[in-house]
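Protein chains in written order, with our numbering: chain A, 345 to 513; chain B, 409 to 615.
All C-beta atoms in this analysis are idealised placements derived from N, C-alpha and C, irrespective of residue type, glycine included.
None of the values given here were measured: they were computed from a predicted structure.
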């Protein structure tokens, strides 16, 4: 019985020692995994910011008003900067949370850009159409004014010429 | 004036009215192109091109805080996503090359990004200090070991003879839509332009 107890204790001690030895390896692996995960989230946030900017650019080129969206994107950029700072300090959870916030804000900008483009396109088309109508109207009126106005002026001019000739004679 | 002369006047007035009416339409179809560019400057703590250092002395002590302002003006005609990158160099390290449009190969110690609308002026304050130096009496070189910029500490290993002729460089990087990434400088009309600035300083050895 004593020998059995001794063997059991030896085995349990050995198992404990093995577990104790490999525990730091797991910790290191966990840390590296956290770092990779955080870096990956920050890289994704970086890409999201780029896409959001390109979408803003497209909306502006279509004539959209992007001033509010620029402010929103700049807040996302500030969050991105804080996320990188948190990563440098080893605050992985905070960095991931901030990176996710950046992605969410960038997606908001993307969605809003689409509606801004649609509205801008519509307004642009309306304005363009109005400009064509106005210019065409003025041109037609001017041509009409020339023919009608000239006829009226010509008859008035000739009448005046006749009166002054009659007056002289 | 005779009738023919009056007719000429009528025709001229009508032509002028037609041209004036069509001008907005022509301008809308062919917008005027202006040269597009960005301006980058590094200003003193009051936002002017002076007082870069206290008492205008470019010799700074360890722990002394220096405040500068990065000034940026977007005249590209549309919104721009920019990154301003700070680097620290000595006199022998390569600065940005404005002929080959290559940035300095020195590592980035600080980066700030911003989206600027057309014609927007943006100013960003940076507060930096040297937190730790390394000295080597053998070769008379002093190196910057730790540098803080806006409360972010960075390790560096830049050495300079007698602690003289260090420089901080700022480079302007602009997001390129074709590359989907930042590039040093910007493209306009198939040409590349770049902007960067530098300020030299020396370190006062601690007594």
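- The straight-line gap separating the alpha-carbon atoms of residue 448 of chain A and residue 530 of chain B is approximately 25 Å.
- With a contact defined as Cβ atoms closer than 8 Å, residue 503 of chain B and residue 576 of chain B miss out at about 11 Å.
- Taking 8 Å as the Cβ-Cβ cut-off, the segment 467-498 of chain B approaches chain A at 486, 487, 489, given in chain order.
- For the pair residue 536 of chain B and residue 415 of chain A, the Cα-to-Cα distance works out to about 27 Å.
- Under the DSSP definition of a beta bridge, residue 446 of chain B partners with B/482.
- 8 Å or more divides the Cβ of residue 555 of chain B from the Cβ of residue 612 of chain B.
- Across the structure, residue 454 of chain A and residue 543 of chain B are spaced so that their CA atoms are roughly 52 Å apart.
- Shown here for residue 421 of chain B: not one same chain residue has a beta carbon closer than 8 Å to its own, the five before and five after excluded.
- For residue 431 of chain A, the enclosing alpha helix (DSSP H) starts and ends at 411-432.
- When Cβ-Cβ separations below 8 Å define contact, residue 419 of chain A makes no contact with chain B.
- With at least 16 other beta carbons inside 10 angstroms of its own, residue 428 of chain A counts as buried.
- Under the 10 Å beta carbon count, residue 479 of chain A is surrounded by 16 or more other beta carbons and is classified as buried.
- Within chain B, the residues 487 have their CB atoms less than 7 Å from the CB of residue 410 of chain A, given in chain order.
- Between residue 426 of chain A and residue 413 of chain A, the C-beta spacing is not below 8 Å.
- Within chain A, the residues whose beta carbon sits less than 7 Å from that of residue 583 of chain B are 394, 397, listed in sequence order.
- Annotation for residue 587 of chain B: no beta strand (DSSP E) segment contains it, and DSSP assigns it neither H nor E.
- Of the other Cβ atoms in all chains shown, fewer than 16 fall within 10 Å of the Cβ of residue 363 of chain A; this residue is therefore exposed.
- A contact is defined here as three or more CB-CB pairs under 8 Å, and the segment 446-454 of chain B meets this definition with respect to the segment 472-486 of chain B.
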